[in-house]
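In the numbering used here, the protein residues as written are 864 to 1177.
Report on the following structure.
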């Protein structure tokens, strides 16, 4: 069995390098994106299952014994970020100057963290358990907070059905929890640890399948309107970096590893769920922004891991 999975285990050992390559492979294979665009829900459930089966129960209990960090991180993720960044965009007139880009930004900072965030944090060798707890808590609140911020900043132009979104999120979380519990019982903790490399490889493959539908129109847009795609990509990069830096500074007193983990988590926003909730009814420039935001999401873990290794060796 392990011999058959050897290529998958090799892929898992590439870690953040493979994650960085995912976005370019996804961009180059639009046909895969076209085939998988109707299966985003199942893909997200798979990513969440991978995170759940790797949970360290001892670390989980330790975090739950200090709930103030979880509460603070959750409040910052679903209330603090959209309030702060939405207010700054309004202050600088982004809504009036570039309404389509503003729509994409509002959907991004109103979303919960990506389901893949714990798995990416694990690939970086950081604390994924805290991220997973905050991810679940944030996702549970998104059906209330995301429609509110969409209404507050965009108004009636963007329609999000909170009940439908909430039911979908709860179904996804419940399904992932049930599947992961079954896998943990059948495989056991020792078995999961033994196949850690293979699980990491499967995670990278699923990340690619998730990225492919989002990236399928990016290359044609780049060839058609290169300058537009360039400045939208720079905007996505700037917003990602700002999420990360502000979050790390806010939580640095909780510990360096926890702050770095939370910084990555808050930077990885789950646009896929909100896109599905709106039925894809968003402006074209917003779609370009969604695709451009995948580059910092996939490249940052490799860069941050490299910087951390240099700092340790200095």
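The beta carbon of each residue, even a glycine, is placed where N, CA and C say it ideally should be.
Thinking residue i and residue j are a contact (beta carbons under 8 Å), I'd like their distance in whole angstroms, please.
i, j, result
"residue 967", "residue 1131", "About 16 Å separates the two Cβ atoms, so there is no contact after all."
"residue 899", "residue 1072", "5 Å"
"residue 1075", "residue 895", "4 Å"
"residue 932", "residue 1155", "No, residue 932 and residue 1155 are not in contact; Cβ-Cβ is about 32 Å, not under 8 Å."
"residue 1157", "residue 1108", "At roughly 20 Å, the Cβ-Cβ gap does not stay under 8 Å, so residue 1157 and residue 1108 are not in contact."
Residue i to residue j, Cα distance in whole Å?
i, j, result
"residue 971", "residue 1133", "7 Å"
"residue 983", "residue 913", "11 Å"
"residue 947", "residue 881", "33 Å"
"residue 1114", "residue 996", "16 Å"
"residue 905", "residue 1165", "26 Å"
"residue 1053", "residue 1043", "15 Å"
"residue 1162", "residue 879", "8 Å"
"residue 1059", "residue 951", "42 Å"
"residue 1098", "residue 929", "36 Å"
"residue 941", "residue 1070", "24 Å"
"residue 1009", "residue 1111", "23 Å"
"residue 980", "residue 994", "7 Å"
"residue 961", "residue 1091", "12 Å"
"residue 1045", "residue 1121", "29 Å"
"residue 844", "residue 1079", "There is no way to answer for residue 844, as the model of the chain reaches only from 864 to 1177."
"residue 1089", "residue 901", "28 Å"
"residue 1100", "residue 1094", "10 Å"
"residue 1047", "residue 1034", "20 Å"
"residue 903", "residue 869", "27 Å"
"residue 1153", "residue 977", "13 Å"
How is the alpha helix (DSSP H) around residue i delimited, first residue to last?
i, result
"residue 931", "930-938"
"residue 890", "879-891"
"residue 871", "869-876"
"residue 941", "That residue, residue 941, is in no alpha helix (DSSP H); it is neither H nor E in DSSP."
"residue 1130", "1119-1130"
"residue 1016", "991-1016"
"residue 1106", "1089-1114"
"residue 971", "962-973"
"residue 1071", "1059-1078"
"residue 918", "First-last for residue 918: undefined, no H or E at that position."
"residue 1149", "1147-1155"
Out of the options, which has the shortest C-alpha to C-alpha gap to residue i?
i, options, result
"residue 1040", "929, 916, 1161 and 902", "916"
"residue 1017", "959, 892 and 897", "959"
"residue 998", "1036, 1013 and 963", "1036"
"residue 1000", "975, 985 and 1015", "975"
"residue 1031", "969, 1078 and 907", "907"
"residue 1012", "1152, 945, 1117 and 1156", "945"
"residue 964", "990, 993, 1096 and 1120", "1096"
"residue 1014", "897, 1100, 949 and 1111", "949"
"residue 1005", "943, 985, 1049 and 932", "943"
"residue 1119", "1089, 1160, 990 and 1129", "990"
"residue 910", "1048, 985 and 969", "985"
"residue 925", "1007, 992 and 1038", "992"
"residue 1129", "1152, 1038, 1160 and 1151", "1160"
"residue 1150", "892, 883 and 969", "969"
"residue 973", "1002, 867 and 987", "1002"
Is any heavy atom of the ligand FAD found at a distance shorter than 6 Å from the C-beta of residue i?
i, result
"residue 1124", "As far as ligands go, the structure on display features none, and thus does not contain the ligand FAD."
Cβ contact check for the region 952-964 and the region 1076-1093: 3 or more pairs under 8 Å: no
Three or more C-beta pairs below 8 Å linking the region 1108-1126 and the region 936-943: yes
Contact between the region 905-921 and the region 1099-1117 (3+ Cβ pairs under 8 Å): no
Three or more C-beta pairs below 8 Å linking the region 1058-1065 and the region 886-895: no
Contact the region 866-883 vs the region 1065-1076: 3+ CB pairs below 8 Å: yes
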